Structure formats: C-alpha cells, structure tokens
C-alpha cells in the first residue's frame with residue numbers, strides 16, 4: 001500500500017476512446033503537456049494515458065528522492081505500476097528521450113504490457129565509449145552538470161533554445177525554458193546526471209517487443225549514430241528518420257511526429 | 001511511509017558494541033546467519049548490523065515482487081534505507097557475492113554512509129564479453145535457469161556442493177542446500193537471473209569509497225580474472241587473494257575470512 005495512489009503519484013490522466021491504448025511518456029525537463037498535439041489527433045480513436053514522472057509536472061514531489069530515483073529502473077517500476085493499476089496489456093508506448101530506455105526496462109520485466117514501443121529521440125548511452133559514439137565526452141558532461149549547479153535558471157535559458165533547435169520559433173524555446181525553470185533545480189540536476197551517466201546498451205538485445213525508433217536531426221542529446229546503433233541491437237526494430245530538427249520534435253514539429261506515429265500504428 | 005518498517009522488512013538485527021559499525025550483507029541463496037562466525041569474532045569490538053535482503057531469510061516476503069527487484073538498484077535502495085534508519089555514516093560494509101555490487105551502487109548514491117567496502121567473491125558481470133572474462137557464456141546461464149525451473153530442489157542439491165567446494169565437509173554443502181531449498185523457488189529463479197544478467201562494469205570506476213576485494217579460489221561464480229578486473233577499475237582498491245576455496249568461504253573457511261577482514265580494519 002502506498003500513501004498516495006499511483007494515479008496521484010504520477011498525475012495519471014486517461015482520456016480518448018478506442019480499443020487500443022497509447023501511453024505517452026515524457027522526457028527530461030518536460031511533462032505530459034508536451035504531448036498535447038499528439039493527444040488531440042489520437043484521442044478520437046485511441047484510449048490515451050498520460051502521466052508525469054515523479055519529480056516532474058504535477059507528480060507527487062514527496063515521492064521523489066535522489067536515492068529512490070538513482071537509476072532508470074525506478075521510473076520503469078513506476079510505469080509498470082501504472083500499467084498494473086490500469087490493467088494495460090498490449091498497449092502502445094510512445095517514449096520521448098529518457099522514456100525510451102524507461103519503457104525498454106519496463107518491457108524487459110513485463111513484455112505483455114506492450115504491443116509496440118515507439119522511441120522518440122531516445123539513447124541507451126550518451127557518453128562516447130570505445131566503438132560507440134554517444135555524442136558526449138565525460139568532461140563535457142561534467143561541464144554541463146557544473147553549469148546546471150552554478151546557476152540553474154541561467155543554464156535553463158541557455159539550454160532550451162539549443163535543445164529545441166527552432167531559431168525561427170523562439171516562443172518554443174521560451175516555453176521549454178519555462179518548463180525547465182519550473183523543475184526543482186535539485187531534482188533537475190540529480191535526474192540529468194542519472195540520465196546522462198546511464199548505459200543500457202547491453203539491455204537492447206534482450207527486448208522482445210517490436211520497436212520503432214523515430215529520430216530527428218540536429219538533436220543536441222542524440223546524434224544520428226545512436227539511432228542506428230539501437231536499430232542494429234534491438235531485434236524487432238525499425239529506424240525511421242523524421243524530417244524535424246531538435247530534441248523535442250513532438251513540440252516543434254508536431255504534425256511530423258504525429259504522422260510518424262500514425263504510420264507506426266497503421267503498419 | 002511504509003506499512004512495515006525497514007527494520008521488519010529486512011529483518012534488521014543490531015548487536016555488539018564499539019565505535020565503528022560493520023554491516024554484513026549476504027549473497028544469493030543465503031541470509032544473515034551466514035555471517036555467524038564473523039559476528040562472533042567482531043561483536044565484542046564493533047557494532048554489528050545484520051539484515052536479510054527482501055526475498056531471503058526472515059525478510060518480509062510481501063515486500064518482494066519481481067517488478068520491484070528487477071535490478072540490483074532496489075537492493076541498494078533498501079541498504080540505504082537501512083543506513084538512514086540507523087543513521088549510519090562511515091560504516092564498514094562487508095558484502096558477499098551480489099552484495100558487492102549492491103553496496104557499490106549504494107556507495108555511488110550516498111558515499112558518506114561508508115568508510116570502507118569489503119567485497120567477498122563479488123562480480124560486476126558474470127557473462128563473458130569481448131575483452132572480459134566473467135566465467136559464463138549465455139547458453140550456460142540459460143541451461144542454469146532451465147535447471148532451476150525444471151526441478152528447483154534437485155537443482156539446489158546439485159548446486160550447493162559445487163558452490164561450497166568443500167568435498168571434505170559435506171555437511172556444509174548440505175547446509176547450503178537447505179538454505180537454498182528454503183528459498184521460494186519463484187524468487188530464487190527471478191533473483192538468479194537478475195544477478196547473472198547484471199553488468200555493473202561501467203560503475204566500478206565511479207566508486208569513491210576505498211574497497212578491498214577478497215577473493216577465494218575455485219569459486220564457481222567468480223573466476224580469479226574478475227577480482228583482477230575490479231581491482232584494476234575501482235580507483236582506491238586492493239585485491240587480496242585468500243587461502244580458501246569455493247563461493248562461500250565465510251562459511252567454509254570462516255577463520256580465514258575473519259582474519260582477512262580484521263587485517264582490512266587494522267590497516
């Protein structure tokens with residue numbers, strides 16, 4: 001028994017209607033509202049499940065602790081709690097960024113919860129390694145953590161436009177900067193470190209659920225090689241490059257992401 | 001708030017007296033009673049903390065679920081809960097087998113809990129990999145899981161003497177076979193898989209706590225190369241080969257393990 005229910009803890013919202021269920025899982029510095037444009041399209045024909053990871057959005061912040069969330073496994077456990085609570089089987093999971101690996105870890109434990117995984121700009125490892133290009137060297141990540149810790153709000157306003165990569169629509173970067181700034185700095189810093197230091201490469205080959213890897217270009221967090229790497233390692237996977245830029249294409253190029261998801265679902 | 005306290009959940013026992021605290025953490029198929037001979041030696045001069053991992057010994061079995069314990073991070077979280085409950089700082093952690101990596105993961109999150117880690121027959125990865133000898137191929141592990149699942153009790157009585165490696169003292173193998181047989185088969189099978197498929201090699205270099213790696217010979221689970229690998233990767237570490245055989249030297253050669261621990265503490 002938990003003092004707050006899973007529904008409250010993760011601010012779970014269920015809407016739409018249809019025989020099939022799509023669970024949308026948000027990424028770092030964001031929350032369930034990031035999916036609003038996809039929700040609008042799919043709600044008439046699908047049951048939609050939205051939630052905020054603990055520490056994000058309107059989740060129960062008292063459930064957060066750096067000890068509990070020191071790895072992605074706890075987020076995966078939360079996701080499986082949610083699936084159990086809603087009795088979800090064979091649901092479609094769309095996971096942005098860190099939620100790609102979170103859904104993978106969940107699917108390794110209880111594959112029957114999911115019929116399909118759709119990763120959007122996900123990565124199993126951000127750090128370069130021998131024979132692996134993740135996009136970052138440790139000293140770059142250390143400088144990144146240092147900047148976050150020195151002045152979180154300054155860091156957020158600098159990071160948002162780079163992540164969004166939409167110079168022509170500065171209002172989108174401003175929106176992401178606001179979401180980031182709304183995150184508790186101590187949580188944002190701890191979570192960023194957990195994500196950027198994670199390494200789930202060895203887990204990819206164990207995934208039994210069919211997976212589509214959607215990848216945008218000019219993504220500060222995920223270089224194109226990472227999508228190719230995952231497609232190579234995940235047994236039933238397909239890499240789809242989408243005509244969108246930046247790390248948050250579901251916000252910056254919503255119709256392209258929506259259409260890519262629709263194609264996955266129709267296939 | 002949890003329905004059972006941490007003290008009950010992990011069947012925590014505190015005994016002995018002294019300025020310094022030693023936490024003894026048991027391995028797979030075993031429980032806190034495995035440390036009885038070390039406890040006898042150290043209790044007069046140290047405060048001793050004993051516990052059973054969830055799913056083992058007299059822990060609260062209702063706290064176990066394969067979802068919650070799908071990785072070693074949850075065991076590490078439990079260990080940190082215990083340290084917080086007992087307000088342990090700078091304690092000495094002696095971890096057998098899987099508890100080596102469990103204590104490492106805990107020490108990465110809250111290094112101040114520990115002054116020293118002492119691993120006894122621990123391994124960061126059991127599977128061989130390119131450039132790494134862990135001792136097992138995947139098909140060997142699959143056969144191992146298959147045997148556990150086909151007839152757990154037959155498996156336990158076959159595995160115990162191999163793990164104990166004390167042909168001259170069959171009563172020790174019989175004792176370990178009884179502890180294994182007392183474990184719920186579904187839990188033993190799930191936990192064995194979580195352990196044997198784990199890979200924490202990348203975490204070794206991040207450990208900031210001084211670590212002594214005690215390694216016996218003829219250990220079915222941990223070949224000598226693994227101790228050397230850990231000593232090479234963990235920054236402040238020392239490999240100590242002990243004159244004992246098998247995977248449970250704290251039971252089969254208690255005075256040798258006790259004396260090795262005493263030397264670590266005196267250093």
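Residue numbers (the UniProt record's numbering), protein chains in the order written: chain A, 1 to 267; chain B, 1 to 267.
Every residue, glycine too, gets a C-beta built ideally from N, C-alpha and C.
None of these values were measured; they are calculated from a predicted model.
Distance, residue j Cα to residue i Cα
i: residue 128 (chain A); j: residue 19 (chain A); result: 42 Å
i: residue 216 (chain A); j: residue 117 (chain A); result: 17 Å
i: residue 223 (chain A); j: residue 135 (chain A); result: 6 Å
i: residue 104 (chain A); j: residue 201 (chain A); result: 11 Å
i: residue 164 (chain B); j: residue 47 (chain B); result: 28 Å
i: residue 144 (chain A); j: residue 186 (chain B); result: 44 Å
i: residue 232 (chain B); j: residue 92 (chain B); result: 22 Å
i: residue 3 (chain A); j: residue 50 (chain A); result: Confidence is the limiting factor: at residue 3 (chain A) the pLDDT is only 47, short of 50, which leaves the residue's position unreliable and the question unanswerable from this model.
i: residue 268 (chain A); j: residue 184 (chain A); result: Outside the modelled stretch of chain A, which goes from 1 to 267, sits residue 268 (chain A), for which no answer is possible.
i: residue 150 (chain B); j: residue 31 (chain A); result: 45 Å
i: residue 45 (chain B); j: residue 17 (chain B); result: 6 Å
i: residue 1 (chain A); j: residue 77 (chain A); result: Bear in mind that a pLDDT of 39 at residue 1 (chain A), under 50, signals an unreliable position, so the model cannot answer this.
i: residue 262 (chain A); j: residue 211 (chain A); result: 14 Å
i: residue 242 (chain A); j: residue 52 (chain A); result: 25 Å
i: residue 125 (chain B); j: residue 198 (chain B); result: 6 Å
i: residue 140 (chain B); j: residue 196 (chain B); result: 11 Å
i: residue 25 (chain A); j: residue 99 (chain A); result: 6 Å
i: residue 146 (chain A); j: residue 72 (chain B); result: 29 Å
i: residue 248 (chain A); j: residue 255 (chain A); result: 13 Å
i: residue 229 (chain B); j: residue 131 (chain B); result: 11 Å
i: residue 253 (chain A); j: residue 122 (chain A); result: 17 Å
i: residue 29 (chain B); j: residue 23 (chain B); result: 18 Å
i: residue 236 (chain A); j: residue 209 (chain A); result: 7 Å
i: residue 59 (chain B); j: residue 234 (chain A); result: 37 Å
i: residue 41 (chain A); j: residue 96 (chain B); result: 54 Å
i: residue 226 (chain B); j: residue 205 (chain B); result: 14 Å
i: residue 175 (chain A); j: residue 81 (chain B); result: 38 Å
DSSP bridge partner residues for residue i (one or two, in chain order)
i: residue 24 (chain A); result: A:50 and A:94
i: residue 237 (chain B); result: B:211
i: residue 132 (chain B); result: B:129
i: residue 60 (chain A); result: Note: residue 60 (chain A) sits in no beta bridge, so no partner.
i: residue 245 (chain B); result: B:217
i: residue 199 (chain A); result: A:125
Extent of the continuous alpha helix (DSSP H) to which residue i belongs
i: residue 261 (chain B); result: 254 to 266
i: residue 115 (chain A); result: Residue 115 (chain A) -> not in any alpha helix (DSSP H); beta strand (DSSP E) instead, spanning 114 to 120.
i: residue 161 (chain A); result: 152 to 164
i: residue 77 (chain B); result: 72 to 85
i: residue 8 (chain A); result: 6 to 9
i: residue 88 (chain B); result: From DSSP, residue 88 (chain B) is part of no alpha helix (DSSP H); its letter is neither H nor E.
i: residue 41 (chain B); result: 36 to 42
i: residue 171 (chain A); result: 170 to 182
N- and C-terminal bounds of the beta strand (DSSP E) containing residue i
i: residue 14 (chain B); result: 13 to 16
Nearest-angstrom beta carbon gap, residue j and residue i [assumed within contact, 8 Å]
i: residue 192 (chain A); j: residue 148 (chain A); result: 6 Å
i: residue 90 (chain A); j: residue 119 (chain A); result: Incorrect: roughly 18 Å between the Cβ atoms, too far for contact.
i: residue 108 (chain A); j: residue 207 (chain A); result: 7 Å
i: residue 57 (chain B); j: residue 11 (chain B); result: 6 Å
i: residue 79 (chain A); j: residue 102 (chain A); result: 6 Å
i: residue 219 (chain B); j: residue 246 (chain B); result: 6 Å
i: residue 257 (chain B); j: residue 266 (chain B); result: About 15 Å; that fails the 8 Å criterion.
The ligand ATP heavy atom lying under 6 Å from the CB of residue i
i: residue 131 (chain B); result: No copy of the ligand ATP appears in this structure; indeed no ligand is present at all.
Task: the stretch 153 to 162 of chain A / the stretch 31 to 39 of chain A touching (three or more Cβ pairs under 8 Å) - done: no
Open item on the list: Three or more C-beta pairs under 8 Å: does that hold for the stretch 7 to 22 of chain A against the stretch 83 to 103 of chain A?
Closed with: yes
Task: At least three beta-carbon pairs within less than 8 Å, the stretch 60 to 79 of chain A to the stretch 162 to 182 of chain A - done: no
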